[in-house]
Structure formats: C-alpha cells, structure tokens
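Per the numbering used here, the sequence shown starts with residue 31, numbered consecutively. Encoded as structure tokens, the structure appears first; notes follow it.
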Amino acid sequence: MAAPAASEGQTAESAGAGEPAPYAAAASQGGTKMLTKAEFLKSVWNYEKNPKEWIFLGDKPAIIDFYADWCGPCRTASPILEEVSHEFADKINVYKIDTQKEKELAAVFGVRSIPLFLYIPKSGKPTMMAGIARTKEDTKKMFIDNINKFLLSTNQ
Numbered sequence: 031m032a033a034p035a036a037s038e039g040q041t042a043e044s045a046g047a048g049e050p051a052p053y054a055a056a057a058s059q060g061g062t063k064m065l066t067k068a069e070f071l072k073s074v075w076n077y078e079k080n081p082k083e084w085i086f087l088g089d090k091p092a093i094i095d096f097y098a099d100w101c102g103p104c105r106t107a108s109p110i111l112e113e114v115s116h117e118f119a120d121k122i123n124v125y126k127i128d129t130q131k132e133k134e135l136a137a138v139f140g141v142r143s144i145p146l147f148l149y150i151p152k153s154g155k156p157t158m159m160a161g162i163a164r165t166k167e168d169t170k171k172m173f174i175d176n177i178n179k180f181l182l183s184t185n186q
C-alpha cells in the first residue's frame, strides 16, 4: 500500500521546535514531538518493513504536522496545535515532521503543499487535511473538530 492520499483541506500552519530524543517521554504530558525518519519507522509506520500495508504502531491516535520553518501558515498553526496537544494529551499524540529535513517522509506521503496534517486513528486508515482556517480561533476549532471526527469518534 502506498502512503495515504491527501484529502480535503482548509488553511494551515505549524513550525517546529523541540528535541527528537525525549519525544516518547513527553507524549504522556502532551505537547508536540519532532519525528525523524528513524522515530517515525519505530513509532508510527514501518513502511520499509510493510511497504504495501498501513500498520499503525502507535499506542494512541495521532496527528502528524508536516511543516517547514519558512511556511507562514505553518508558523501560525504551530502554537495552536501545541495548545491542542496539551488539551488532548491523554487521548492523542501530536508529532511534527520538518519537510525540509525529512524529505523521504514527505515523499512517502506525497506532500506537495504545507501545512499538511495526517490524522491517524488507532485502527483504520489515516486522513490527510491541508491548510488552516482564516483565524486562529477557527483553526483551533478545525483541529478539535478533526480530532473528534477522525481520531476519537466511535464510528471508525
């Protein structure tokens, strides 16, 4: 199976900070965690071992924010997603992938525009959403609505 295809979107932003090494420990406290290819293969999906089949390796649903430091909407989304990650810390993990540093991961998912958010339920196929809303308030609402719809819904 190829990586999940992108679907609809709004308008987005994110920009990352944080250290890759302590990402696992920080997961229980909330906050976004940076992912390298090695961490992605271990914590999300080992596409080298299972290239044709999506097998999610996470312990709870997740969002992956594909971003770049030069991206204005990404920089807008970043603090909002950080805030949401703390609000949902006990229910989801939130990861960030710098598309400039992790070009292979961006290619695996066919990232053509950023910000791009991959919503990964505990079981089932992930959903991609591009962009952010026009305002910070609407962007936060977009994240919360998408978390409830794609990650926490009992109808998955």
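C-beta: ideal position from N, C-alpha, C; glycine also. Given the structure is predicted, the values throughout are model-derived calculations rather than measurements.
Grab me the residues of residue i's own chain with a C-beta within less than 6 Å of its C-beta, minus the 5 sequence neighbours each way, in chain order.
i    : result
C101 : I144
Q130 : A98
S115 : G60, G61, T62, V124
Compute the distance between the beta-carbons of residue i and residue j, then report whether it is under 8 Å.
i    : j    : result
A163 : T169 : yes
I177 : I122 : yes
F180 : T157 : yes
L71  : Y125 : no
T8   : E113 : Past the boundaries of the shown model lies residue 8; the chain is included only from 31 to 186, so the question cannot be answered.
I150 : A107 : no
K155 : W75  : no
S4   : G60  : Residue 4 lies beyond the residue range present for the chain, which begins at 31 and ends at 186; the question has no answer from this structure.
I94  : L182 : no
Strictly by DSSP, which residues pair up with residue i?
i   : result
D95 : K126, F147
T62 : V124
Once you ignore the five residues that flank residue i on each side, which residues in its own chain have a CB closer than 7 Å to its CB?
i    : result
L135 : K67, F70, I127
V141 : F96, T129
L90  : The sequence shown places Lys at residue 90, not Leu. Excluding positions up to five away in sequence, the list reads K121, I122, N123, K152.
F118 : I177
Please work out which residues of its chain come closer than 8 Å, Cβ to Cβ, to residue i, disregarding the five sequence neighbours upstream and downstream, and give them in chain order.
i    : result
K166 : T106, I110
Going along the chain, which unbroken runs of the alpha helix (DSSP H) with 4 or more residues stay wholly within the region 149-182? 166-176
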